[in-house]
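Chemist: Residue numbers (full-length UniProt numbering): 1 to 702. Even for Gly, the Cβ is constructed at its ideal location relative to N, Cα and C. Have a look at this one.
As structure tokens, this is what we get:
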């Protein structure tokens with residue numbers, strides 16, 4: 001049994017903090033405690049306990065060989081969220097919550113804060129949160145009618161971080177569509193004994209803590225099913241229950257197209273129930289839902305096929321609850337959905353102006369066609385300074401943007417993404433592409449002045465560190481390598497207040513603080529930081545697929561254009577040695593290939609944001625939404641064994657060097673700073689001095 005640093009035995013008279021292992025006696029005791037208090041804690045699927053235990057996210061206190069309390073939590077990149085904190089009635093008043101909270105803080109001290117939600121009328125629990133130093137930062141309606149949830153938060157280590165993004169984006173919730181049986185369970189109808197277990201799982205979706213992360217949706221098909229109900233009272237009650245949920249609809253053409261494809265997965269003859277199931281899924285696809293939740297065995301059989309066709313995950317309630325925290329970033333960015341499209345980027349010209357206007361005019365926001373045409377014409381009339389680009393899949397326009405360069409400023413007067421299941425992914429692609437374009441053109445300010453932005457684009461702008469300034473969205477760009485004082489002067493020179501405190505982040509000198517600041521002002525690098533630096537070797541073919549457009553241009557087939565726009569990627573390698581950490585900076589060394597120019601050199605740098613070690617099968621499931629790697633690719637890294645342990649790291653902010661740094665040159669730098677050269681058979685940890693010298697040479701910085 002794994003212990004925290006402050007304890008080593010279980011038989012002590014003093015409380016002992018442990019990490020609850022999966023499939024263990026202490027976990028059984030935790031479940032027993034939960035059952036005793038489930039009226040307050042809410043429903044939680046049995047399988048979810050084991051999943052949290054596998055991730056090491058259940059802490060327990062043992063006293064006289066008995067588990068007397070536990071804390072169950074989840075982590076995002078920025079904060080930890082307490083889901084349960086429970087103490088046995090016989091041991092209350094003995095400081096158990098304080099012990100558990102202290103253990104949690106030790107484990108998540110690198111994060112910004114600890115958060116939780118709790119019903120306002122739970123007085124004793126709310127007194128506890130105050131005692132633990134949390135404060136109320138907001139309120140929202142609870143699932144229970146007429147009740148209020150309070151949002152509690154405690155900053156960790158007093159570190160002022162980029163809370164602006166959190167508050168502005170509202171941590172956009174993931175859209176979860178439920179089928180008819182889940183709806184009936186959540187409507188609190190009586191259920192038969194044979195259905196009790198799976199319906200109890202469904203009730204887990206009603207938990208208050210989950211309401212902060214998801215919105216529950218129904219489809220129009222629910223209304224049809226209700227209308228077929230013979231009992232007038234049941235029909236009336238179900239219609240009343242509809243008010244609790246958001247309807248997931250979507251484009252009629254997309255619905256019909258999805259319906260046709262889903263129908264092909266079923267046998268020639270189908271019954272009314274199958275037809276209803278097909279409609280539910282098709283509406284979910286057309287409405288761009290993130291998840292479809294069901295306990296229906298017939299629908300669950302189609303999981304893999306539907307996911308492959310549309311990128312829609314079909315899950316049971318228990319599966320959704322156990323993965324929702326880890327999947328918190330997935331709904332922002334799903335480039336795998338673009339794989340297989342014939343994506344092309346081309347300029348808007350006379351032949352496609354009318355089509356462009358019809359496709360991208362914002363009818364829903366009341367934009368006038370004359371105003372749209374005037375803005376587009378203004379760009380097209382100055383082709384020496386301005387450009388208008390369109391992204392198409394075959395002949396279908398998917399996205400439009402215009403660029404106007406003036407001195408060190410790049411302005412985007414029009415930024416549009418067409419409706420469809422790719423909308424969110426394309427929005428993130430485009431905002432990253434614009435940021436990279438501004439950097440490559442030496443801009444120090446990037447602005448988006450379009451007054452008709454869709455929510456998906458606003459979401460993407462926030463994620464890439466834009467902030468609202470007067471009537472536009474703005475991003476500060478700083479180039480080069482700078483000391484903290486130089487960096488502050490450059491940021492302050494913009495004469496407006498960005499949503500981060502550069503001085504505080506620089507003073508903190510933690511890896512997280514440095515990573516956040518370098519992301520917010522990318523591509524600048526900070527001197528005298530505490531963030532780790534590494535060199536990672538990668539084969540030319542993978543570099544071409546993941547980030548190196550010059551290598552791709554030298555290849556007969558090139559890389560997929562849709563993947564070359566990716567702002568975020570994943571790289572798989574062997575599990576050992578376990579050298580890498582996150583967040584960190586990495587330099588990409590492209591291994592030798594006589595057929596490729598400038599290989600056997602360092603050609604790019606990135607920021608690692610997450611590292612996971614686990615079975616090849618589990619890691620592929622977690623990261624397949626980022627595209628590039630197929631299951632066969634990942635299985636090959638694991639030598640054909642799906643259960644073999646490998647490492648995957650997610651990286652972003654990739655910057656291609658102006659000038660590759662050849663083997664002999666960077667080995668000379670390593671010799672000066674590390675005292676010896678390195679064969680690069682595995683990732684190598686290097687000093688900040690070595691990283692900055694190589695980066696300076698690659699970016700030709702004097």
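Run through the region 246-286 for me and flag every whole alpha helix (DSSP H) of 4 or more residues, listed as ranges in chain order.
Modeler: Taking only runs of at least 4 residues, the alpha helix (DSSP H) segments lying wholly in the region 246-286 are 252-263 and 272-286.
Chemist: Roughly how many angstroms separate the alpha carbons of residue 716 and residue 523, rounded to a whole number?
Modeler: Because the chain here runs from 1 to 702, residue 716 falls outside it and cannot be looked at.
Chemist: Does the Cβ of residue 127 have 16 or more other Cβ atoms within 10 Å, making it buried, or fewer, making it exposed?
Modeler: Exposed is the call here.
Chemist: Could you check which residue in 83, 649 and 16 has the C-alpha nearest to that of residue 64?
Modeler: The residue with the shortest Cα to Cα distance from residue 64 is 16.
Chemist: Return the chain-ordered ranges of every beta strand (DSSP E) run that is complete within the region 4-85 and spans a minimum of 3 residues.
Modeler: Listed in chain order, the complete beta strand (DSSP E) runs (minimum 3 residues) inside the region 4-85 are 16-19, 58-63 and 66-75.
Chemist: Tell me, please, which residues DSSP counts as bridged to residue 389.
Modeler: Per DSSP, 347 and 401.
Chemist: With a Cβ-Cβ cutoff of 8 Å, do residue 21 and residue 53 count as a contact?
Modeler: A contact, by the Cβ cut-off of 8 Å.
Chemist: On the DSSP letters alone, give me the boundaries of the alpha helix (DSSP H) that residue 226 sits inside.
Modeler: That run of the alpha helix (DSSP H) goes 220-227.
Chemist: Note the first and the last residue of the continuous alpha helix (DSSP H) segment covering residue 540.
Modeler: Unbroken alpha helix (DSSP H) run through residue 540: 540-546.
Chemist: Just to check my reading of the structure: residue 68 and residue 91 have Cβ atoms closer than 8 Å, yes? What is that Cβ distance to the nearest angstrom?
Modeler: 4 Å between Cβ atoms; contact.
Chemist: In this structure, what does DSSP give as the bridge partners for residue 429?
Modeler: In the DSSP output, where bridge partners are listed per residue, residue 429 has none listed.
Chemist: So the alpha helix (DSSP H) residue 505 belongs to, where does it begin and stop?
Modeler: That run of the alpha helix (DSSP H) goes 502-508.
Chemist: I'd like the ranges of any beta strand (DSSP E) spanning at least 3 consecutive residues and lying wholly in the region 551-637.
Modeler: Within the region 551-637, the complete beta strand (DSSP E) runs of at least 3 residues are 568-574, 584-590 and 601-615.
Chemist: Quick one: grab the DSSP three-state call for residue 449.
Modeler: The answer is coil: DSSP assigns residue 449 none of H, G, I, E or B.
Chemist: Mapping DSSP to helix, strand and coil, what is residue 179?
Modeler: Three-state result, residue 179: coil.
Chemist: Taking the alpha-carbon of residue 251 as reference, which of 567, 423, 36 and 143 has the nearest alpha-carbon?
Modeler: Minimum Cα distance to residue 251 is reached at 423.
Chemist: Exposed or buried, residue 544, counting other C-beta atoms within 10 Å across all chains shown (16 or more means buried)?
Modeler: It counts as buried.
Chemist: So, for residue 452: in the same chain, excluding its five sequence neighbours on each side, which residues have a beta-carbon less than 8 Å away from its beta-carbon?
Modeler: Around residue 452: 362, 365, 367 and 416.
Chemist: My guess is that residue 585 and residue 607 are in contact by the Cβ rule of under 8 Å, so how many angstroms apart are they, rounded?
Modeler: Residue 585 to residue 607, Cβ: 6 Å. Contact.
Chemist: Just to confirm my understanding: we take residue 568, look at its own chain, exclude 5 residues before and 5 after, and list those with CB closer than 7 Å. What are they?
Modeler: The residues are 333, 626, 650 and 652.
Chemist: Contact between the region 651-667 and the region 628-637 is defined here as three or more beta-carbon pairs at a separation below 8 Å; is this criterion met?
Modeler: Too few Cβ pairs lie closer than 8 Å, so no.
Chemist: Per DSSP, residue 87 is paired with what?
Modeler: For residue 87, which the question treats as bridged, DSSP gives the partners 69.
Chemist: Residues bridged to residue 412 by DSSP?
Modeler: Beta-bridge pairing links residue 412 to 448.
Chemist: On the criterion of 16 or more Cβ atoms from any shown chain inside 10 Å, does residue 643 qualify as buried, or is it exposed?
Modeler: It is exposed - the Cβ of residue 643 has fewer than 16 other Cβ atoms within 10 Å.
Chemist: Return the residue from the list 257, 179, 55 and 426 that minimises the CA-CA distance to residue 297.
Modeler: The residue with the shortest Cα to Cα distance from residue 297 is 179.
Chemist: In whole angstroms, what is the alpha-carbon distance linking residue 239 and residue 246?
Modeler: Cα to Cα, the separation comes out at about 13 Å.
Chemist: Quick one, are the C-beta atoms of residue 132 and residue 101 less than 8 Å apart?
Modeler: Yes.
Chemist: Determine which residues share a DSSP beta bridge with residue 533 and list them.
Modeler: BP columns for residue 533 point to 585 and 686.
Chemist: Could you round the C-beta distance between residue 291 and residue 255 to whole angstroms and report it? I think they count as a contact, below 8 Å.
Modeler: Going by Cβ atoms, the distance from residue 291 to residue 255 rounds to 18 Å, so no, they are not a contact pair.
Chemist: Which value, in whole angstroms, describes the spacing of the CA atoms of residue 494 and residue 601?
Modeler: Approximately 37 Å, taken between the alpha carbons.
Chemist: Could you pull out every residue in the same chain whose Cβ sits closer than 7 Å to the Cβ of residue 386, ignoring the five residues on either side in sequence?
Modeler: Within the same chain, residue 386 has close Cβ partners 379, 402, 403 and 404.
Chemist: Please classify residue 241: does DSSP put it in a helix, a strand, or coil?
Modeler: Note: residue 241 maps to helix in three-state DSSP.
Chemist: Cβ of residue 612 within 8 Å of Cβ of residue 575?
Modeler: Contact flag unset, no.
Chemist: Report all residues from its chain with a CB closer than 8 Å to the CB of residue 104; omit the five preceding and five following residues, and keep chain order.
Modeler: Excluding residues within five positions, the ones whose Cβ falls inside 8 Å are 59, 71, 73, 80, 82 and 114.
Chemist: Would you please state the rounded distance, in angstroms, between the beta carbons of residue 525 and residue 481? I believe it to be under 8 Å.
Modeler: Confirmed, Cβ separation roughly 5 Å.
Chemist: Would you say residue 417 touches the ligand PLP, meaning its beta carbon is less than 7 Å from a heavy atom?
Modeler: No copy of the ligand PLP appears in this structure; indeed no ligand is present at all.
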